[in-house]
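Student: Submitted below is the structure of interest, expressed as structure tokens.
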Amino acid sequence: MGNWNDVLSYSGKYLSGLGITLEVSLYALLLSLAIGVVIAIFRVTSSKLLNAFGAAYVEFFQNTPLIIQVFFFYYGSPAMGLNISGLACGTLGLAVYTGAYMGEVFRAGIQAVPKGQMEAARSSGMNYLQAMGYVILPQAVKIILPPLTNQMVNMVKNSAILSTIAVTDLMYQTYLISSDTFIVFEVFIFAALLYLTITVPLSTFANLLERRLQRSS
Amino acid sequence: MTLIRFDKVNKWFGKLHVLRDIHLQIREGEVVVVIGPSGSGKSTLLRCINRLEAISEGQLTVDGFRLDDPKTNINLLRQEIGMVFQHFNLYPHKTVLENITLAPIKVRKIAKEEAEKTATFFLEKVGIPEKAQAYPSQLSGGQQQRVAIARGLAMKPKIMLFDEPTSALDPEMINEVLDVMKALAKEGMTMVVVTHEMGFAREVADRVIFMDNGMIVEEGTPEHFFTNPREERAKLFLSKILTGGRASKR
Ligand SMILES: Nc1ncnc2c1ncn2[C@@H]1O[C@H](COP(=O)(O)OP(=O)(O)O)[C@@H](O)[C@H]1O
Ligand SMILES: [Mg+2]
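Line order of the protein sequences matches chains A and B. Residue 57 is where the first sequence starts when you use this note's numbering, and the numbers rise one by one after that. Residue 426 is where the second sequence starts when you use this note's numbering, and the numbers rise one by one after that.
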């Protein structure tokens, strides 16, 4: 019991770490969704050049370790004369990596919508983006939601890597607390529980939303 | 006035030559029925008219727009051409009313209230005003196709294209769709219709075009086709579809 009391006395540090993890996840999520939509559209348009770019992006970022991508932004940005914070570098690394996965999720969703939908929309005079926005994407959302939730949960977990570039996230604080107290087991269990406070509501919300969408069609 | 003019149009899908030296002129107000065996290029011919398929060679002019010119603003022309598909292609996530008003509001930039008034008018015209708030999945095939026609008409197009509009329907629903199309034809709409419904052709078509192997093999009035088609291939094809072939095709 004594260990748990020690651990709980660090709750301020835990919470500040949790706050940073949430912040990073939120920004990386928004950015990776944007990247994902763009990459997916690149992969399904008729332009061979954009197809190739989209495919190369996905292959590159899915098939190299996240930690290398994060290090690239962290150590590479000063070399390129950029002065951006570790937090920003980490968020960027996490977003470009997750964006590749999001792109594949969106692409699969878009391609699951029958071809006739795009033809009907375009033949009524809508341009490509209007057809995507009003007709294709709203239908793709239902297909996309479950795998998208998986990617979001993965991203929250992957954000722990940012502790290696001195972002003071939940993982980073957990290491500190552990070396302060020489307690390992309870310190990390507690951190895991805190990660669950983000990921469980996330997937529960997605499940509810999914059920509502299914009902409306 | 000529609305649609094919001038020595050719089209390939890769190595497959699907339209061969097509010459065709369609006047304003004309109703043209296209018949021919499966794979003869009927859909492709139709889809070239609004550039769902691009032609490979020749000249194609529709409502003054040059379709062989890549600089042509195709979205502008498409507003003037309604298209009805074999499988309806209604938007399943939108109500009937929203299906019909989407393009008028987003493309023609018409105010929502006015677009809804127009939509209601055309829903009455196709005989299902009570379905405005329904979703496509709640309608029968015949009703869905009538909504699709109303959706096309709501853009106030100059031309309506129909690609086998009744061939995915249960037999008892075919007439409700054909009746709407006949009424439209009699009001003077310019229509190009791929169909094997010879009753429809006989009643409202000004011209029937028989295609085979990417070519227009024969064209004439419906009467001509019923009484004495010249081409052997046309005779054979017509005898098939006129002697109950229709039922076995489905
Ligand atoms: N998008 C396409 N890509 C390749 N071949 C196609 C495509 N669309 C149609 N075809 C081929 O072109 C030929 C004509 O097709 P189509 O115009 O659909 O004929 P029809 O409507 O008379 O049945 C067929 O051999 C068909 O397989
Ligand atoms: Mg066809």
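Positions of the beta carbon are idealized from the N, C-alpha and C atoms, including for glycine.
1. Are B:V619 and B:R571 close, meaning C-beta to C-beta below 8 Å?
2. Please list, in chain order, all residues of the same chain as B:K674 whose beta carbon is under 6 Å from its beta carbon, the five residues on each side excluded.
3. Which residue marks the beginning of the alpha helix (DSSP H) containing B:V457, and which one marks its end?
4. Between A:Q173 and chain B, is any beta-carbon pair separated by less than 8 Å?
5. Distance check for A:L232 and A:F117, CA to CA, integer angstroms please.
6. Using a Cβ-Cβ cut-off of 7 Å (strictly less than) and excluding sequence neighbours within five positions of A:V243, which residues of its own chain qualify?
7. Using a Cβ-Cβ distance cut-off of 8 Å, determine whether A:N183 contacts chain B.
8. Residues in its own chain within less than 7 Å of B:I666 by CB, not counting five upstream and five downstream?
9. Span of the alpha helix (DSSP H) holding A:T205?
10. Would you check whether ligand 2 has a heavy atom nearer than 7 Å to the C-beta of B:V602?
11. If you check the beta carbons only, do B:Q484 and B:D432 fall under 8 Å apart?
12. What does the Cβ neighbour count give for B:P529, buried or exposed, with the cut at 16 atoms within 10 Å?
13. Express the C-alpha separation of A:A111 and A:T101 in angstroms, rounding to a whole number.
14. Identify the continuous beta strand (DSSP E) that holds B:G507 and give its terminal residues.
15. Return yes when at least one heavy atom of ligand 2 lies under 7 Å from the C-beta of B:D588, else no.
16. Measure from the C-beta of A:P194 to each C-beta in chain B and report whether the shortest distance is under 8 Å.
17. What in chain B is Cβ-close to A:V191, meaning under 9 Å?
18. List, in chain order, every chain A residue whose beta-carbon is nearer than 9 Å to that of B:R503.
19. If B:L609 and B:T591 are in contact, beta carbons under 8 Å, what's the gap, nearest whole angstrom?
20. Any C-beta of chain A sitting closer than 8 Å to the C-beta of B:H649?
21. A:Q270 versus chain B: which residues are under 7 Å apart at the beta carbon?
22. Could you tell me the alpha carbon to alpha carbon distance between A:R163 and A:R178, rounded to whole angstroms?
23. Quick check: does the Cβ of A:V197 come within less than 7 Å of any heavy atom belonging to ligand 1?
24. How many angstroms separate the CA atom of B:F651 from the CA atom of B:R658?
25. Any idea what DSSP makes of A:I76, helix, strand or coil?
26. Distance, Cα to Cα, A:A176 vs A:T147?
27. Locate the beta strand (DSSP E) running through B:K436, then write down its first and last residues.
28. Please state whether DSSP places A:V100 in a helix, a strand or coil.
29. Identify whether B:R533 lies in helix, strand or coil by the three-state DSSP scheme.
30. Is the Cβ-Cβ distance between A:A247 and A:I199 less than 8 Å?
31. Run down chain A in chain order and give the residues with a C-beta less than 8 Å from the C-beta of B:K531.
32. How about the segment 221–228 of chain A and the segment 128–146 of chain A: do they share at least three Cβ pairs that are nearer than 8 Å?
33. Taking DSSP's pairing of strands, which residues face B:V617 in a bridge?
34. Ligand 1 heavy atoms versus the CB of B:L441: any closer than 7 Å?
Tutor: Put simply:
1. Counted from its first residue, the second sequence places residue 619 of chain B at position 194. Counted from its first residue, the second sequence places residue 571 of chain B at position 146. It is not a contact, given that the beta carbons lie outside the stated cut-off.
2. Taking the first residue of the second sequence as 1, we reach residue 674 of chain B at position 249. Only weak support exists for where B:K674 lies, its pLDDT of 40 falling under 50; the value from the coordinates is given anyway. Closer than 6 Å at Cβ, skipping near neighbours: no residue.
3. Residue numbering aside, residue 457 of chain B sits at position 32 when the second sequence is read from its first letter. No alpha helix (DSSP H) contains B:V457, which is instead part of the beta strand (DSSP E) from 456–460.
4. What you label residue 173 of chain A is simply residue 117 of the first sequence in a count that begins at 1. With 8 Å as the cut-off, A:Q173 counts as an interface residue toward chain B.
5. For the purposes of this step, residue 117 of chain A is identified with residue 61 of the first sequence, where counting begins at 1. For the purposes of this step, residue 232 of chain A is identified with residue 176 of the first sequence, where counting begins at 1. Those two C-alpha atoms are separated by around 30 Å.
6. The residue labelled residue 243 of chain A in the question sits at position 187 within the first sequence. Closer than 7 Å at the Cβ level, and outside the excluded window around A:V243, lie V63, T230, I233, S234, T237.
7. Here residue 183 of chain A is taken as the residue at index 127 of the first sequence, counted from 1. Yes, contact with chain B.
8. Numbered from its first residue, the second sequence carries residue 666 of chain B at position 241. Closer than 7 Å at the Cβ level, and outside the excluded window around B:I666, lie H621, M623.
9. Here residue 205 of chain A refers to the residue found at position 149 of the first sequence. Taken as a continuous stretch (DSSP letters only), the alpha helix (DSSP H) holding A:T205 covers 193–214.
10. Here the question's residue 602 of chain B lines up with position 177 in the second sequence. Checking the Cβ of B:V602 against ligand 2 gives no.
11. Along the second sequence, read from residue 1 onward, the residue named residue 484 of chain B stands at position 59. Along the second sequence, read from residue 1 onward, the residue named residue 432 of chain B stands at position 7. Yes, they are a contact pair.
12. For this step, residue 529 of chain B is matched to residue 104 along the second sequence. B:P529 should be labelled buried.
13. Stepping through the first sequence from its first residue, residue 101 of chain A is reached at position 45. Stepping through the first sequence from its first residue, residue 111 of chain A is reached at position 55. Between A:T101 and A:A111, the C-alpha separation is close to 12 Å.
14. Position 82 of the second sequence holds residue 507 of chain B. 506–509 is the span of the beta strand (DSSP E), which, as asked, contains B:G507.
15. Position 163 of the second sequence, counting from 1, holds the residue named residue 588 of chain B. Under cutoff, so the answer is yes.
16. Here residue 194 of chain A refers to the residue found at position 138 of the first sequence. So yes, A:P194 belongs to the interface.
17. What you label residue 191 of chain A is simply residue 135 of the first sequence in a count that begins at 1. Within 9 Å Cβ-Cβ: Y516, H518, K519, L527.
18. Mapped onto the second sequence, residue 503 of chain B falls at position 78. Simply R178, S179, S180, G181, M182.
19. Looking up residue 609 of chain B in the second sequence gives position 184. Looking up residue 591 of chain B in the second sequence gives position 166. 14 Å between Cβ atoms; not a contact.
20. Residue numbering aside, residue 649 of chain B sits at position 224 when the second sequence is read from its first letter. No, B:H649 does not count as interfacial toward chain A.
21. On the first sequence, residue 270 of chain A is found 214 positions in, with the first residue counted as 1. Within chain B, no residue comes near A:Q270; the closest Cβ sits about 12 Å away, beyond 7 Å.
22. Residue numbering aside, residue 163 of chain A sits at position 107 when the first sequence is read from its first letter. Residue numbering aside, residue 178 of chain A sits at position 122 when the first sequence is read from its first letter. C-alpha separation (whole angstroms): 19 Å.
23. As a working mapping, residue 197 of chain A is identified with position 141 in the first sequence. No - ligand 1 has no heavy atom lying nearer than 7 Å to the Cβ of A:V197.
24. Looking up residue 651 of chain B in the second sequence gives position 226. Looking up residue 658 of chain B in the second sequence gives position 233. Their backbone Cα atoms lie some 14 Å apart in a straight line.
25. On the first sequence, position 20 is the one that residue 76 of chain A refers to. Looking at A:I76 - three-state DSSP - the assignment turns out to be helix.
26. To locate residue 176 of chain A, count along the first sequence from 1; it is residue 120. To locate residue 147 of chain A, count along the first sequence from 1; it is residue 91. Their Cα atoms are separated by approximately 40 Å.
27. Your numbering for residue 436 of chain B matches position 11 in the second sequence. Here the beta strand (DSSP E) through B:K436 covers 427–438.
28. For the purposes of this step, residue 100 of chain A is identified with residue 44 of the first sequence, where counting begins at 1. Three-state result, A:V100: helix.
29. Position 108 of the second sequence holds residue 533 of chain B. Coil.
30. Numbered from its first residue, the first sequence carries residue 247 of chain A at position 191. Numbered from its first residue, the first sequence carries residue 199 of chain A at position 143. Cβ atoms of A:A247 and A:I199: not closer than 8 Å.
31. Residue mapping note: residue 531 of chain B aligns to position 106 of the second sequence, counting from 1. Here the neighbours are M182, Q186, Y190.
32. yes
33. Reading the second sequence from its first residue, position 192 is the one you call residue 617 of chain B. Looking at the DSSP assignment, B:V617 forms a beta bridge with B:V457, B:L586.
34. Indexing the second sequence from 1 puts residue 441 of chain B at position 16. Yes.
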